[in-house]
Amino acid sequence: MPSALSTPDPDTGFTLDAALLEQRKASSARRLHTVQIPAVRAAGFAVLCALALVQGVSSGGVFPPPEAARLVTINLLYALAAWLLLRYGYRPNARVDLSLLLFHVDVFVWLLNLHHLEQKNLFFAYFLLVRVVDQAGFGFRRALYFGHLVTLVYLGYSVWVSMTEPARALWSDRVGIAVIIYLLALYFAISGLVTERLRNRTRQAMRAARAAVVGLEQKAQALEAQAVELDLARRQAEQASLAKSQFLAVTSHEIRTPMNGILGAAELLINSPLTPEQQRYVRTSHRSATALLGLIDDVLDLSRIEAGKLALNPKSVDLRALVTEAVDLIEITARDKPITLSCKVEKRLPRRVLADPTRLRQLLVNLMHNAVKFTDHGSVGLEVTIRAETAEALGLRFSVRDTGIGIAPDDLASIFDAFTQVDGTSTRRHGGSGLGLAIVKELTDLMGGRLQVESRVGVGSHFWIDLTLEKAADEAPVAEPAPAEDDEDVSVSVLLAEDDPVNQIVVLEMLKMLGCEVDVVDDGEAACRSAALARYDIVFMDCHMPVMDGYEATRRIRAEEQPAGARSVIVALTADSLASDRDRCMQVGMDDFLTKPVSTSQLSATIERWTGRRTNPATQW
Ligand code: ADP
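Reading the sequence shown from the start, the letters are residues 2 to 622 in the numbering used here.
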């Protein structure tokens, strides 16, 4: 198994790879037996040859002496034969170990040399120890074995000499030499033992290292597998989240359309002559539908933020106006409670900052809405202060304080989680979904700000947002299409392009109630035709319609308009509520964007903004 951790040079580099090590071991054993040992053997016999020749020289006579010449020939031929035998006959796991066999034969060839050399000196016998020393490298047992072998062979040789040449018997010397050979052989064998121990230790270390590497590899593989699984799970989660967001976007669109009918019809009913009891019922249904709509918006917002789909749309904003607007919105809710609502903005606050007005307003309204909801009497106040200022930016603090029920310290950490309410009992006094603060928190994070809270049960709560906003230059007022006529008595002419019959009736009735003159068409194509025939002060254009949608219809109306001529005001009236939907409307040439469900007051405000004419809001809303 190739190691993932080390990719060494197959011949030399360090490795713990078992297969590679085995391969290397085999090839180095082959080199040892077929090259190194024959070379050492040849060197040994060459030394013997040299000794034989030297001895011949020192004893005078012809050179080379014939016996020495014979020995040299035998030695060299033997060394050559041994090398060839090993070179071509060596097999690593053969039944007969050729290398070992030749070590035995060596001893007898050495004896042949000894027989010649010891004529001068018996101590040449010690040369036989060379074979024991050789074997020490193979370990203790082999060295010990060769120690015994060499001693016995020498003694056997001595017996043979004493029998064949009694004059050279010299038994006392030979026995002494044999004992010394034996003792030295023992010593060499023991030194082999030390070598063997060291080698074993190295082997053990290698084995342990190999086991560690294998363990690490397995762990790495397990981690890799885990990473793949996690990646898969992450992708599945992302897909699920995307599916959830798409589902919510579609659902919310589908819910908004009938909600427009419900809210609009309820609004129309409220403004019709009703008995007080009927009034109460209609108001209840209107309130419930509004709450439902708020919930849909919250769920959609949160899912969009979580999916990273909510993009801020910063623009130059009149901060004072925005704050006042937020307080005005809350005033309607606070009206029924004995609460004083206050709003304080630091005097030196520059007029314009760069911010997403919709989202900033949403933050303030959510916090104040909670403050009013959880305060039965006392006060709720919004304060905007400057904490830091540079030439380009402002460090602002938006504080919302109330004198309400407060929040227990243990609950403070969890109130920013989605669907969390401190009072989760079924007998809850205050309505809500538990999404408001989660949205405030996420939005604040998205804006790079910080949301904090401090609260005391029974005393009140203080929520504040620290936000850094860029300063913006005072803008020239946006060039709005000039009102067709300044005469406020002349009613506003409206073209309503809407395919849904219920919404048609509801918006038509609302517009009529506002005193507008309204033409209604069912699709974009009809809208284009009507716009070509008559000039309307304002066109309310649904985006999704059969035959031709509102986007295409707007494009065509714009294409028909002369550059210097009058320009129709076209306002989208759609159930799509995403910022991208608004952008698309603006891109095709619409002037404004109203999301369903739409209220009479929104219609009225839009008409007034774009035509400069006050409608006749005979409505109580
Ligand atoms: P909800 O829709 O329930 O208001 P929020 O996320 O806005 O959901 O708030 C979560 C919970 O935090 C609330 O249910 C309430 O228990 C607590 N809370 C939030 N604002 C206040 C406040 N101003 N005073 C007391 N409790 C608050």
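We treat Cβ as the ideally placed atom computed from N, Cα and C, and that holds for glycine.
In the three-state reduction of the DSSP assignment, T376 falls in the coil class.
Taking the CA atoms as reference points, S192 sits about 23 Å from L103. In the three-state scheme derived from DSSP, where H, G and I count as helix and E and B as strand, E384 is classed as strand. When secondary structure is reduced to three states using DSSP, M448 falls in the coil class, being assigned neither helix nor strand. Per the coordinates, the alpha-carbon of R31 lies some 10 Å from the alpha-carbon of S100.
In this structure, DSSP gives E255 a helical state, which the three-state scheme calls helix. Within the chosen limit of 7 Å, the ligand ADP reaches the beta carbon of K374 through at least one heavy atom. Across the set K472, S462, D543 and E471, the C-alpha of D543 shows the shortest separation from the C-alpha of D501. Taking the Cβ of Q422 as the reference point, at least one heavy atom of the ligand ADP falls within a distance shorter than 7 Å.
A414 has its CB no nearer than 7 Å to any heavy atom of the ligand ADP. Residue R211 holds the alpha-carbon nearest to the alpha-carbon of L21 among R211, C50 and E225. Between the alpha carbons of D302 and M587 lies a gap of roughly 22 Å.
Contact fails between the segment 63 to 83 and the segment 132 to 148, because fewer than three Cβ pairs, one in each stretch, are under 8 Å apart. Non-local C-beta neighbours of P598 in its own chain, meaning closer than 7 Å and more than five positions away in sequence, comprise R257, M260, N261, L264, G265 and L294, ordered along the chain.
Between L194 and F141, the gap from beta carbon to beta carbon is short of 8 Å. Counted as a single uninterrupted DSSP element, the alpha helix (DSSP H) harbouring D412 occupies residues P410 to L413.
Cα atoms of W111 and M164: separation of roughly 20 Å, rounded to the nearest angstrom.
Annotation note: the segment 505 to 559 contains the following uninterrupted alpha helix (DSSP H) runs of length 4 or greater, listed N- to C-terminal: 525 to 534. In this structure, L436 is the residue among I331, L436 and A51 with its C-alpha nearest to the C-alpha of F417.
For K345, there is no enclosing alpha helix (DSSP H); the enclosing beta strand (DSSP E) has its first and last residue at I340 to V346. Between the segment 314 to 321 and the segment 358 to 373 there are three or more C-beta pairs closer than 8 Å, enough to call the two in contact. As computed with DSSP, F141 is found in no beta bridge at all.
Between the segment 527 to 544 and the segment 212 to 226, the count of C-beta pairs closer than 8 Å stays below three; the two stretches do not touch. The C-alpha of A322 lies about 12 Å from the C-alpha of P351.
The beta-carbon separation of Y537 and V589, rounded to 18 Å, does not stay under the 8 Å limit for a contact. Counting only residues of its own chain and dropping the five nearest sequence neighbours on each side, F46 has a CB closer than 6 Å to the CB of N76 and A80. For E609, the enclosing alpha helix (DSSP H) stretches over residues T601 to T612.
The straight-line gap separating the alpha-carbon atoms of A170 and E119 is approximately 12 Å. When secondary structure is reduced to three states using DSSP, F109 falls in the helix class.
Closest option to E518, judged by alpha-carbon separation, among A234, I539 and R143: I539. The beta carbons of E166 and H117 sit no closer together than 8 Å. Remark: the C-beta of G435 is in contact range of the ligand ADP, defined as less than 7 Å to any heavy atom. The ligand ADP has a heavy atom closer than 7 Å to the beta-carbon of G407. Taken through DSSP and simplified to helix, strand or coil, S273 comes out as coil. Straight across, the Cα-Cα distance linking A356 with E278 is about 45 Å.
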